[in-house]
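*Asks:* With the numbering used here applied, the sequence shown corresponds to residues 98 to 360, in that order. Where is the CB? At the ideal position from N, CA and C, for every residue including glycine. The model shown is predicted, which means the values in this text are computed figures rather than measured ones. One structure, pasted below without further comment.
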Amino acid sequence: MLLRKTALVLALATAALLASTATATAAPADPAPAPVAANPFAAAAANPVIVVGGLSGVAVAYEPIAARLRADGYRTFIYQLPGLGLGDIPTSARAFATYVNQVRASTGAATVDLVAHSEGGLVSRYYLKRLGGTGAVGRYVSLGTPQYGTYVANIVAFLGLGNCAGVVACQQMTIGSAFLADLNAGDDTPGAVRYTTIRTLQDELVRPTGNAAVNDGATNVLIQAYCPLRVVGHLGLVLDGTAYTIVRGALVDGPVRPNCLAL
């Protein structure tokens, strides 16, 4: 009995880690104008950026990457998945579609850019591929998203807790799930959106780490292919300076040139 309770705690902790943050689903307030940044990236601030969190995340966890974006001149919003992302991913994507429209209305922008962590990348891709979101998005950047599933989700069943302990989003992130089969059928990169995925060899929650990449013309960046000594975990992808230099480059359609020494 004690072993079973311990397994349950471990499983729930795993689900909590498969997260990233977000923001409230209420109509967003336009953030305070960012200072004009004296760097070549400031000109890209025309598109607002929505940082999309993941499973069981809270918005404050994404403030570090949001602060970097604001310092580079971006109007930045953080989106918290409804129900902390524990429920059905397509349902979360429909709520996200409403939020994107709210950001566009409040800023007057025709398109937004998305920087999505973990499950947030799946919510965003479903919005683009199945809900007609490609016309409202210029760039999609994912950080450690299990695009083709993760064995970490599958292992919950191995622990004897059934199908992901009843967490629907976890079930949908298992390798071979019906959700992923539908999402990955056909073109991985629909529309004129520029797709970039960022992954790390030390990602403890997306296994195999190659499942964080997508096909069909996306720019798939493995941090250690450029910076072999850089150690970045799953949650670290939203904190790490090198990862941010890749995000920043993607948002200006620049070449992949990570700064391996960035703080």
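#1: Which first and last residues belong to the alpha helix (DSSP H) in which G241 is found?
#2: Using only CA atoms, which one of T208, A262, A168 and Y292 lies nearest to Y237?
#3: Under the DSSP definition of a beta bridge, which residues are partnered with A213?
#4: Does the Cβ-Cβ distance between V212 and V148 come in under 7 Å?
#5: Hey, V349 and H214 are a contact pair by Cβ (cut 8 Å); roughly how many whole angstroms apart?
#6: Note down the Cα distance separating V264 from G217, rounded to an integer number of angstroms.
#7: Hey, how far is the Cα of Q299 from the Cα of P243?
#8: Is the number of C-beta pairs between the segment 157-168 and the segment 187-194 that are closer than 8 Å three or more?
#9: Among A359, L332 and N144, whose alpha-carbon lies nearest the alpha-carbon of G241?
#10: Can you give the Cα-Cα distance for V205 and A347, rounded to whole angstroms?
#11: Going by Cα to Cα distance, which pick from L280, A275, N281 and G314 is closest to A289?
#12: Expressed to the nearest angstrom, what Euclidean distance is found between the alpha-carbon atoms of G184 and T271?
#13: Pull up the distance between the alpha-carbon of A278 and that of V200, whole angstroms please.
#14: On the DSSP bridge assignment, give the partners of I175 in chain order.
#15: With distances taken Cα to Cα, identify the nearest neighbour of V303 among A250, G338 and T339.
#16: Which parts of the segment 287-326 are runs of the beta strand (DSSP E), unbroken and 3 residues or longer, counting only runs that do not cross its ends?
#17: Are there 16 or more other CB atoms within 10 angstroms of the CB of L115, so buried, or fewer, so exposed?
#18: Span of the alpha helix (DSSP H) holding T188?
#19: Out of V311, G307, D210 and S153, point me to the one whose CA is closest to T173's CA.
#20: In chain order, what residues of the same chain have a beta carbon less than 7 Å from the beta carbon of L228, not counting five sequence neighbours either side?
#21: Who are the near neighbours of S239 in its chain, counting only those whose CB is closer than 6 Å to its CB and skipping five residues on each side?
#22: Do T297 and I320 come within 7 Å of each other at the CB atom, strictly closer than that value?
#23: Please determine, among T208, A158, N308 and G180, the residue with the shortest C-alpha to C-alpha distance to N144.
#24: Tell me which residues share the same chain as D285 and place their Cβ nearer than 6 Å to its Cβ, disregarding the 5 neighbours each side in the sequence.
#25: Using only alpha-carbon positions, find the residue among V155, V146 and N260 that is nearest to V234.
#26: What does the alpha-carbon distance come out to for the pair L181 and A156?
#27: Tell me which same chain residues have a C-beta within less than 6 Å of the C-beta of V353, skipping the five on either side of it?
#28: For R327, which residues in the same chain have their Cβ closer than 7 Å to its Cβ, ignoring the five residues on either side in sequence?
*Replies:* Reading off the structure:
#1: Neither: G241 is in no alpha helix (DSSP H) and is coded neither H nor E.
#2: Y292
#3: V149 and S239
#4: yes
#5: That pair is no contact at about 20 Å.
#6: 16 Å
#7: 14 Å
#8: no
#9: L332
#10: Going by the sequence as given, residue 205 is Gly instead of Val. Roughly 23 Å separates the two Cα atoms.
#11: G314
#12: 14 Å
#13: 30 Å
#14: V148
#15: A250
#16: 291-296 and 316-319
#17: For L115, the predicted model reports a pLDDT of 38, less than 50, meaning its position is unreliable and no value from the coordinates is stated.
#18: I186 to T204
#19: D210
#20: A190, R191 and A194
#21: A213, G218 and T294
#22: yes
#23: T208
#24: V311, N312 and D313
#25: V146
#26: 10 Å
#27: V318
#28: I320, Q321, T339 and C357
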